[in-house]
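Asker:
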Amino acid sequence: MNNPILRPESVSQLLEHAQELAGLPLAALAHNLNQPVPDNLRRDKGWIGQLLELSLGASAGSKPEQDFPELGVELKTIPLDAAARPLETTFVCVAPLLNIAGLSWETSNVRNKLSRVLWIPVIGERDMPPGERLIGQPLLWTPNEEEEWLLRQDWEEIMELISLGRVQEITARHGQALQLRPKAANGRALTDAIGPDGNYIQTRPRGFYLKTSFTAALLARHFML
DNA sequence: GAGTGATCATCT
DNA sequence: AGATGATCACTC
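Numbering of the first sequence is given in the numbering used here, commencing with residue 1 and proceeding in unit increments.
1. Thinking C-beta only, is Glu-132 closer than 8 angstroms to Ala-27?
2. Is it the case that the Cβ atoms of Thr-77 and Val-122 are separated by a distance below 8 angstroms?
3. Just curious, the beta strand (DSSP E) that Arg-206 is in, first and last residue?
4. Determine, using beta carbons only, whether Pro-130 and Pro-38 come nearer to each other than 8 angstroms.
5. Keeping to the same chain, check which residues put their C-beta closer than 6 angstroms to that of Ser-163; ignore five residues upstream and five downstream.
6. Considering only their Cβ atoms, is the gap separating Trp-155 from Leu-178 smaller than 8 angstroms?
7. What is the rounded straight-line gap between the Cα of His-174 and the Cα of Arg-166?
8. Exposed or buried, Asn-3, counting other C-beta atoms within 10 Å across all chains shown (16 or more means buried)?
9. Hey, could you find the ends of the beta strand (DSSP E) Lys-113 is sitting in?
10. Grab the span of the alpha helix (DSSP H) containing Asp-192 for me, first residue to last.
11. Within 10 angstroms of the Cβ of Glu-125, are there 16 or more other Cβ atoms? Answer buried if so, exposed if not.
12. So what's Glu-226 in DSSP terms, helix, strand or just coil?
13. Just to confirm, is the Cβ distance from Leu-14 to Leu-71 under 8 angstroms?
14. Taking C-alpha atoms, which residue in Trp-119, Gly-198, Thr-215 lies nearest to Gln-19?
15. Hey, out of Leu-80, Leu-54, Arg-43, Gly-187, whose CA is closest to Leu-6's CA?
Below, the structure written as structure tokens:
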């Protein structure tokens with residue numbers, strides 16, 4: 001077992017730690033870290049992600065930054081079924097709905113977060129107890145030209161609609177790789193956005209998510225090599 | 001409320 | 001069965 005708590009000093013060290021976890025059931029990792037193991041994720045949706053953050057020494061917190069800012073790496077766990085297909089979309093970051101005039105893809109939060117991602121697959125069906133799910137081989141990924149092009153097209157299209165006051169028209173069907181969906185504590189959570197007439201409206205906070213077809217493809221591209 | 005970690009619950 | 005829209009826990 002690698003040393004928890006210590007922050008990795010280099011990307012290679014981080015990757016080594018992640019590789020040492022491969023094959024381990026989540027319950028074993030949790031026990032080593034003195035963490036409770038829930039029977040299901042219904043009330044602990046972030047349990048797996050937070051367990052891996054703790055194990056790999058990621059900075060906890062709610063700052064809109066990468067998990068390892070000094071390394072330029074974002075950590076993401078991704079649930080896979082037995083066929084290595086993603087069971088869920090991947091949350092990237094919240095979407096700005098106001099003051100977006102000067103934003104560009106190059107400086108966007110989406111591009112920053114996805115510029116380098118350490119993917120930690122977690123294998124297990126939805127009905128499998130979290131503790132029994134297995135940690136898979138990690139993948140350090142940077143979007144290739146085609147992937148970045150796709151992400152950029154989607155981001156620009158979605159952001160244009162938002163800037164035009166059409167956020168309420170955007171559904172999860174927009175975009176090939178990236179999609180916009182609600183991201184909130186519940187349906188009563190509201191925030192300001194631009195309305196159809198250029199005025200302010202109240203709407204649900206939104207987040208950018210990677211579609212499963214995109215993450216499935218990027219995982220396949222690497223693991224089939 | 002806004003951000004982090006995400007999966008749940010329901011509809012098609 | 002897979003995707004969409006809704007929701008859970010926690011921190012600040």
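Positions of the beta carbon are idealized from the N, C-alpha and C atoms, including for glycine.
Answerer: Here's the rundown:
1. At the C-beta level, Ala-27 and Glu-132 come within 8 angstroms of one another.
2. Yes.
3. Its beta strand (DSSP E) spans residues 206-210.
4. Closer than 8 angstroms, so yes.
5. For Ser-163, where only same-chain residues beyond five positions count, the Cβ hits under 6 angstroms are Ile-100.
6. Yes. Within cutoff.
7. Separation of His-174 and Arg-166 (C-alpha to C-alpha, rounded to the nearest whole angstrom) is 13 angstroms.
8. Bear in mind that the predicted position of Asn-3 carries a pLDDT of just 46, short of 50, making it unreliable; the figure below should be weighed with that in mind. The residue in question, Asn-3, is exposed, as its Cβ has fewer than 16 Cβ neighbours within 10 Å.
9. Per DSSP, Lys-113 lies in no beta strand (DSSP E) segment; the continuous alpha helix (DSSP H) that holds it begins and ends at 109-114.
10. It is not in any alpha helix (DSSP H) - Asp-192 instead sits in the beta strand (DSSP E) that spans 191-194.
11. Under the 10 Å beta carbon count, Glu-125 is surrounded by fewer than 16 other beta carbons and is classified as exposed.
12. A query on residue 226 cannot be resolved here, the shown segment of the chain reaching from 1 to 225 and no further.
13. Going by C-beta atoms, Leu-14 is nearer than 8 angstroms to Leu-71.
14. Closest by alpha carbon: Trp-119.
15. In terms of Cα proximity to Leu-6, the closest of Leu-80, Leu-54, Arg-43, Gly-187 is Leu-54.
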